[in-house]
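Peer 1: My questions all concern the structure below.
Protein chains: 2
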Amino acid sequence: MSNILIRRAERSDCPRMLELVHELALYEKAPSEVVISQEHFAESGFGKKPVWWAFVAEVNEAGKPPFVIGFALWYIRFSTWKGQRMYLEDLIVTEDWRGKGIGHMLFDKLISECRELGLAGMNWQVLDWNEPAIRFYRKYEGMKLSEGWLNASLDMKP
Amino acid sequence: MSNILIRRAERSDCPRMLELVHELALYEKAPSEVVISQEHFAESGFGKKPVWWAFVAEVNEAGKPPFVIGFALWYIRFSTWKGQRMYLEDLIVTEDWRGKGIGHMLFDKLISECRELGLAGMNWQVLDWNEPAIRFYRKYEGMKLSEGWLNASLDMKP
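Top line first, the protein sequences correspond to chains S and C. Going by numbering that gives the first Met the number 0, the first sequence opens with residue 0, and the numbers climb by one from there. Going by numbering that gives the first Met the number 0, the second sequence opens with residue 0, and the numbers climb by one from there.
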């Protein structure tokens, strides 16, 4: 089997990560919603004031260069009910590499990171029709799903 | 009419802000969900690494000390689709002071803050049965509500 390495994302991973973001947006039926620029993406993670952190899953096969096949990207959210938590913005494994446990390797790494940082828990969202993702998350004991909240947004006019 | 001042929150506002958090949680039918400590709340906003910022609405009436009757608390979220955005965690006006335009004063301040910080927009959540809040937000042109996302959470075991 190929050798899978879970490691912290570096600035040079950003172009490939953004490719994976586009792949997931297509699956989530919203490809035109991805409007972020390459520069803003990289600068937000690796500039003077980082606002996101990530782990990537990298495959190492004999005779080929290392290749990123998935990632988990998060930031610190602040809940006035629960305090500081990890907010998992994206957990992505490219289609050809699903079903091999790589998503769980990334998710387990997030759990250790929460512990190391002293965060009391994680939050994220999942689309209600995304059964494979819901099944994936249900494997984690104590995982809770709650309905009834609408997402609201307001874009600033330039 | 009383004199209402919208200003940046200070550390000394934290105990009163937390009272208002409890008031809102009761309205949202989840009073026991508020488990944050006074210390963690204040330290997260005013410690070495602040992760939240807020504006408070303060009433100044003749012969009485200034009193905080509402606030808007936010943090920076990072969307892999949209980039850095303001995430409005809580917008609260205490019950006796609703319907006087104070919520809009706070919300308008958030919009200016987004512009000043160069953020492309705001996001927040609203409960699907909270008609007064939904009506309030609908007054902002271009505000979008989206359904179909479930909130997921996992608490770390100590």
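All residues carry an ideal CB built from backbone N, CA and C; glycine is no exception.
(1) Cβ closer than 9 Å: which chain C residues qualify as neighbours of S/C113?
(2) For the ligand GDP, is there any heavy atom lying closer than 8 Å to the beta carbon of S/P65?
(3) Just the C-alpha distance for C/L87 and S/W52, rounded to the nearest angstrom, thanks.
(4) In whole angstroms, what is the alpha-carbon distance linking C/S43 and S/G117?
(5) Compute the Euclidean distance between the alpha carbons of S/Q37 and S/E57, then round it to the nearest angstrom.
(6) Pick from S/S78, S/L149, S/D127 and S/G147: whose alpha carbon is nearest that of S/M121?
(7) Which one of S/S11, S/K156 and S/E27 has the shortest CA to CA distance from C/W80?
(8) Could you check whether the Cβ of S/D12 sits closer than 9 Å to any Cβ belonging to chain C?
(9) My assumption, with CB atoms under 8 Å, is that C/F70 sits in contact with C/A8. Please give the rounded CB distance.
(10) What does DSSP give as the partner residue(s) for S/R114 in the beta ladder?
(11) Tell me, please, whether the CB atom of S/V33 is closer than 9 Å to any CB atom in chain C?
(12) Quick test of your reading: S/A119 and C/M16, contact by CB under 8 Å. State the CB separation rounded to the nearest angstrom.
(13) Of all Cβ atoms in chain C, is any one closer than 9 Å to the Cβ of S/G82?
(14) Just checking my contact of C/I101 with C/L23 at CB under 8 Å: how many whole Å lie between their CB atoms?
(15) Measure from the C-beta of C/L144 to each C-beta in chain S and report whether the shortest distance is under 9 Å.
(16) Rounding to the nearest angstrom, what Cα-Cα distance links S/S145 and C/N150 in this structure?
(17) Could you name the residues of the same chain whose beta carbon sits closer than 8 Å to that of C/L126, not counting the 5 residues immediately before and after it, in chain order?
(18) Taking 9 Å as the CB-CB cut-off, is C/E94 touching chain S?
(19) Taking S/R5 and S/K138 to be in contact with their CB atoms under 8 Å, please state how far apart those CB atoms are, rounded to whole angstroms.
(20) So, for S/P65: in the same chain, excluding its five sequence neighbours on each side, which residues have a beta-carbon less than 8 Å away from its beta-carbon?
(21) Thinking C/V55 and C/D12 are a contact (beta carbons under 8 Å), I'd like their distance in whole angstroms, please.
(22) In the DSSP assignment, what residue or residues form a beta bridge with C/I3?
(23) Could you list which residues in chain C have their beta carbon closer than 7 Å to that of S/D89, in chain order?
(24) Is DSSP giving S/A41 helix, strand or coil here?
(25) Output the distance between the C-alpha atoms of C/A41 and C/P14, rounded to the nearest integer angstrom.
Peer 2: Here's the rundown:
(1) L153 and M155
(2) Among the components modelled here there is no ligand, and therefore nothing to report on the ligand GDP.
(3) 21 Å
(4) 13 Å
(5) Taking the straight line joining both Cα atoms gives about 20 Å.
(6) S/S78
(7) S/E27
(8) no
(9) Contact holds; Cβ gap of about 6 Å.
(10) For S/R114, which the question treats as bridged, DSSP gives no partner whatsoever.
(11) Taking Cβ atoms only, chain C reaches closer than 9 Å to S/V33, which makes this a yes.
(12) So it is not a contact: roughly 19 Å between Cβ atoms.
(13) By the rule that beta-carbons nearer than 9 Å mark a contact, S/G82 touches chain C.
(14) That belief does not hold up - the Cβ atoms of C/I101 and C/L23 are roughly 14 Å apart, past 8 Å.
(15) yes
(16) 5 Å
(17) E27 and A132
(18) no
(19) A quick correction: the sequence has Ile, not Arg, at residue 5 of chain S. Not confirmed; about 18 Å, so no contact.
(20) L4, E57, V58 and N59
(21) Right, the Cβ-Cβ distance comes to about 5 Å (below 8 Å), so this counts as a contact.
(22) Answer is C/V58, bridged to C/I3.
(23) T79
(24) helix
(25) 8 Å
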